[in-house]
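> Note that the protein sequences, when read in sequence, are chains A and B.
To convert, note that position 128 of the first sequence is 128 in UniProt numbering; the numbers rise steadily by one, no gaps.
To convert, note that position 29 of the second sequence is 29 in UniProt numbering; the numbers rise steadily by one, no gaps.
Once you've had a glance at the structure underneath, I'll fire off some questions.
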Amino acid sequence: MTTTTLRAALAVEARKATSARVVTSTTILLLVGIAVLAGATTLAAAGGNEQLMAKLGPSATQGGWTSLLSTASQITAAGGLLAFGVVLSWLFGREFADGTVTGLFALPVSRPTIALAKLIVYLLWSVGVATLLVLMVAGLGFATGAGPIEGTAPVALLRLWSLTVLTALLAVPAGWAATIGRGLLPGIATAIAILAAAQILVVAGTGGWFPFAAPALWTIFPGTVSASQMALVPLVPLTFGFLVLHAWHRLQLDR
Amino acid sequence: MAEARIRLHGLTRTFDGGVGVRGVDLDVGAGEIHALVGLNGAGKSTLMRLLLGMLRQDSGTVRLDGRPLGSAPWSRLGHLIETPLAYGELTGRANLMLAARLHGVPASAAAPMVQRVLTELNLHPYAAIRARRMSLGNRQRLGLAAALQHDPDIIVLDEPTNALDPAGVISLREALVRRAAAGAGVLVSSHHLDEVARVADRITVINAGRTIGTLNPHGVDIEREFFALVRSDDERTAA
Numbered sequence: 001m002t003t004t005t006l007r008a009a010l011a012v013e014a015r016k017a018t019s020a021r022v023v024t025s026t027t028i029l030l031l032v033g034i035a036v037l038a039g040a041t042t043l044a045a046a047g048g049n050e051q052l053m054a055k056l057g058p059s060a061t062q063g064g065w066t067s068l069l070s071t072a073s074q075i076t077a078a079g080g081l082l083a084f085g086v087v088l089s090w091l092f093g094r095e096f097a098d099g100t101v102t103g104l105f106a107l108p109v110s111r112p113t114i115a116l117a118k119l120i121v122y123l124l125w126s127v128g129v130a131t132l133l134v135l136m137v138a139g140l141g142f143a144t145g146a147g148p149i150e151g152t153a154p155v156a157l158l159r160l161w162s163l164t165v166l167t168a169l170l171a172v173p174a175g176w177a178a179t180i181g182r183g184l185l186p187g188i189a190t191a192i193a194i195l196a197a198a199q200i201l202v203v204a205g206t207g208g209w210f211p212f213a214a215p216a217l218w219t220i221f222p223g224t225v226s227a228s229q230m231a232l233v234p235l236v237p238l239t240f241g242f243l244v245l246h247a248w249h250r251l252q253l254d255r
Numbered sequence: 001m002a003e004a005r006i007r008l009h010g011l012t013r014t015f016d017g018g019v020g021v022r023g024v025d026l027d028v029g030a031g032e033i034h035a036l037v038g039l040n041g042a043g044k045s046t047l048m049r050l051l052l053g054m055l056r057q058d059s060g061t062v063r064l065d066g067r068p069l070g071s072a073p074w075s076r077l078g079h080l081i082e083t084p085l086a087y088g089e090l091t092g093r094a095n096l097m098l099a100a101r102l103h104g105v106p107a108s109a110a111a112p113m114v115q116r117v118l119t120e121l122n123l124h125p126y127a128a129i130r131a132r133r134m135s136l137g138n139r140q141r142l143g144l145a146a147a148l149q150h151d152p153d154i155i156v157l158d159e160p161t162n163a164l165d166p167a168g169v170i171s172l173r174e175a176l177v178r179r180a181a182a183g184a185g186v187l188v189s190s191h192h193l194d195e196v197a198r199v200a201d202r203i204t205v206i207n208a209g210r211t212i213g214t215l216n217p218h219g220v221d222i223e224r225e226f227f228a229l230v231r232s233d234d235e236r237t238a239a
């Protein structure tokens, strides 16, 4: 892998991603979905809907920025993982589903370089999504009369941004599964399995030590997740990022 | 003697159920068009996948311009195996630009190169059309353009005339003849003796994963010779 080949692979993958309906529609669905759901549930909770208040927890019922950001974070942690999982599954799985993977062999740009370029484009896209999401939620707060951004609100907005990027990083196993499974569905199924496991372990009380659940807990219940628990989170994208590159290096079209 | 563009020696890869290729020796010289002809399932695609690194061999060697696959001159190779490198969301021109970059062509040189191949393969009407809107035949032409536009020294095409209309077959044939005349080594496969196989300098017949003989491209009844070769091999194997 050289700078020249990585630059070529980045140009190719960026062009594909910016032209893809899957990426555009997922971005819109994720941003609009979170904004609408967060706005609606915050208003419903403020209106005294007891079932919703019980579901969202105490921080979502305090009104203002605290309620809005707590709700937005809960929706982002779950919905974001699915959305990011879908995009990653598509980025890797579509080459198998469309049959274009044969064209990615026998090139001066190696397959691990192409896979790395996919991951970099994905990361840049997720940073953009996180930034847009924070701007949308801030706009929503102003629109719904949450008042000026002060007190804990600026930190909570930063935490929402971090949660979105970390959620994107935690979806990297979907890219590996799409490669190993030679298609989109194994990747999407992996994202769903991660989400289900995180929900179960949070309810069981061991969420902080489960890297897939730690960022959401850290955002929604600051103080309940230790630094050592958060330090485990980067191991997921690093481990599965390496596995993705290894899988593309060793790839054979034997099935 | 000049190094062959492609040289396969004792190439073997078998799959569960016994299919695959066994002990194949084959070479393609510079300036030569070599056709690999065999019935469906004879092992043509497996052989091409092996020489392009899409499959790892159980035994045997592959040399491209004298070098093993680990250090092969990939930027000087063009191939199309099964599916054209054509992304549905991109136009014909954008697909060719991406293929050029993946073949190591700098961005500045890619645009005039794409322009040339659009003209050569009569693809200008499809330059601004998204690949998903193209017919199967036009996507195939786009994939062939992606494989040939950088004037590679080694060309490997698996059943390239699939879905092409007669005009597409003729322009492909001419494009291959031109590149071979310029020194490229061309390996094309087909399940029948199509127009491209007929302009080959050599025709090798493959059956049940083994090369079983050659045909004279200028012979008068090579279709009959081909079936006779396959039939006698099948009978020998069954005996």
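We treat Cβ as the ideally placed atom computed from N, Cα and C, and that holds for glycine.
(1) Check V186/B in the structure and name its three-state DSSP category.
(2) What is the DSSP secondary structure of G209/B, reduced to helix, strand or coil?
(3) Which runs of the alpha helix (DSSP H) spanning at least 4 residues fall entirely within the region 153-225 of chain A, listed in chain order?
(4) Considering Cα atoms alone, identify which of F240/A, V202/A and T100/A is closest to T224/A.
(5) Give me whichever residues DSSP pairs with V37/B in a beta bridge.
(6) Which residues in the same chain have their Cβ closer than 7 Å to the Cβ of M113/B, if we skip the five residues on either side of it in sequence?
(7) Whole alpha helix (DSSP H) runs in the region 52-94 of chain B with 4 or more residues, listed along the chain?
(8) Using 10 angstroms around the beta-carbon of W161/A, count the other beta-carbons present and answer buried if the total reaches 16, otherwise exposed.
(9) Measuring only between beta-carbons, confirm whether residue 240/B sits less than 8 Å from chain A.
(10) Reducing DSSP to helix, strand and coil, say where V24/B ends up.
(11) Check whether the region 167-178 of chain A touches the region 37-49 of chain A, counting contact only when three or more Cβ pairs, one atom from each stretch, lie closer than 8 Å.
(12) Counting only Cβ pairs nearer than 7 Å, list the residues of chain A close to G53/B.
(13) Just by C-beta distance, which residues in the region 53-82 of chain B are closer than 7 Å to chain A?
(14) Considering only residues of the same chain and omitting the five flanking positions on each side of L237/B, which have a CB-CB separation below 8 Å?
(15) Between which residues of its own chain and L243/A is the CB-CB distance below 7 Å, once the five residues before and five after are set aside?
(16) Pull up the DSSP beta-bridge partners for D158/B, would you.
(17) Determine, for T179/A, whether the minimum Cβ-Cβ distance to residues of chain B falls below 8 Å.
(18) Under a Cβ-count criterion, where at least 16 other Cβ atoms within 10 Å of its own Cβ denotes burial, should Q51/A be classed as buried or exposed?
(19) What does the alpha-carbon distance come out to for the pair I222/B and L193/B?
(20) Any heavy atom of the ligand PLP inside 7 Å of the beta-carbon of L31/A?
(21) In this structure, how does DSSP classify R129/B when only helix, strand and coil are distinguished?
(22) Reducing DSSP to helix, strand and coil, say where G48/A ends up.
(23) Straight-line CA distance for R63/B to P108/A?
(24) Does H103/B get closer than 8 Å to chain A when you measure Cβ to Cβ?
(25) Is L123/B helix, strand or coil when you go by DSSP?
(26) Would a check of beta-carbon distances place R15/A closer than 8 Å to chain B?
(27) For R7/B, would you say it is in contact with chain A, using Cβ-to-Cβ distances shorter than 8 Å as the test?
(28) Please name the residue, chosen from T27/A, A156/A and A146/A, that lies closest to L88/A on a Cα-to-Cα basis.
(29) Is the beta carbon of D153/B less than 8 Å from the beta carbon of K44/B?
(30) Since A191/A and G48/A should fall inside the 8 Å C-beta cutoff, what is the C-beta to C-beta distance between them, to a whole number of angstroms?
(31) So A115/A and L245/A are in contact, right, with Cβ under 8 Å, and what is the actual spacing, rounded?
(32) Report the neighbours of S19/A on chain B: residues whose CB is nearer than 7 Å to its CB, in chain order.
(33) Return helix, strand or coil for residue 241/B, following the three-state DSSP convention.
(34) Could you list which residues in chain B have their beta carbon closer than 9 Å to that of G99/A, in chain order?
(35) Identify, in the order they occur along the chain, each residue of the same chain with its Cβ nearer than 6 Å to the Cβ of L170/A, setting aside the five sequence neighbours on each side.
(36) Scan the region 106-119 of chain B for residues whose Cβ lies nearer than 8 Å to a Cβ of chain A and list them as they occur along the chain.
Per the coordinate set shown:
(1) In the three-state reduction of the DSSP assignment, V186/B falls in the strand class, which pools E and B.
(2) Shown here, G209/B sits in coil according to DSSP, grouped into three states, outside any helix or strand.
(3) For secondary structure counted as the alpha helix (DSSP H) over 4 or more consecutive residues, the region 153-225 of chain A holds these complete runs in sequence order: 153-170, 172-180, 184-204 and 214-220.
(4) Checked all of F240/A, V202/A and T100/A; the closest Cα to T224/A is V202/A.
(5) Partner(s): S190/B and V205/B.
(6) Around M113/B: A100, V105, Q149 and H150.
(7) Annotation: the region 52-94 of chain B contains no complete segment of the alpha helix (DSSP H) (minimum length 4 residues).
(8) Counting the other CB atoms within 10 Å of its CB gives W161/A a total of 16 or more, which places it among the buried residues.
(9) Lying before the first or after the last residue shown, residue 240/B is absent from chain B, which here runs from 1 to 239.
(10) In this structure, V24/B counts as strand in the three-state DSSP scheme.
(11) Contact between the region 167-178 of chain A and the region 37-49 of chain A is not established, with fewer than three Cβ pairs separated by less than 8 Å.
(12) F105 and A106, listed in chain order.
(13) Taking 7 Å as the Cβ-Cβ cut-off, the region 53-82 of chain B approaches chain A at G53, M54, L55, R56, W74, S75, L77, H79, I81 and E82, given in chain order.
(14) A small fix is needed here, since residue 237/B is Thr in this sequence, not Leu. The beta carbon of T237/B lies closer than 8 Å to those of A208 in the same chain, with the five residues before and after it left out.
(15) Here L243/A has W176 as same chain residues with Cβ atoms under 7 Å from its own Cβ, once five neighbours each way along the sequence are excluded.
(16) By DSSP's assignment, D158/B forms a beta bridge with S189/B.
(17) Contact with chain B is absent for T179/A, since none of that chain's Cβ atoms lies less than 8 Å from the residue's Cβ.
(18) Q51/A should be labelled exposed.
(19) In this structure, the CA atom of I222/B is about 8 Å from the CA atom of L193/B.
(20) Absence of the ligand PLP is noted for the structure shown, with no ligands found whatsoever.
(21) A quick correction: the sequence has Ile, not Arg, at residue 129/B. Coil.
(22) Here G48/A sits in coil by DSSP.
(23) Rounded to the nearest angstrom, the two C-alpha atoms are 16 Å apart.
(24) Against chain A, the CB of H103/B has a partner CB under 8 Å away; the residue lies at that interface.
(25) The DSSP-derived three-state label of L123/B is coil.
(26) A Cβ of chain B is located within less than 8 Å of the beta carbon of R15/A.
(27) By the rule that beta-carbons nearer than 8 Å mark a contact, R7/B does not touch chain A.
(28) With distances taken between Cα atoms, L88/A lies closest to T27/A.
(29) No, these two residues do not count as a Cβ contact at 8 Å.
(30) Going by Cβ atoms, the distance from A191/A to G48/A rounds to 35 Å, so no, they are not a contact pair.
(31) Right, their Cβ atoms sit about 5 Å apart.
(32) Residues of chain B with a Cβ closer than 7 Å to the Cβ of S19/A are, in chain order, E89 and L90.
(33) Outside the displayed span of chain B (1 to 239) sits residue 241/B, for which this structure offers no information.
(34) Simply E82, T83 and P84.
(35) Here L170/A has F212 and V236 as same chain residues with Cβ atoms under 6 Å from its own Cβ, once five neighbours each way along the sequence are excluded.
(36) For the region 106-119 of chain B, the beta-carbon criterion of a distance under 8 Å to any beta-carbon of chain A is satisfied by A107.
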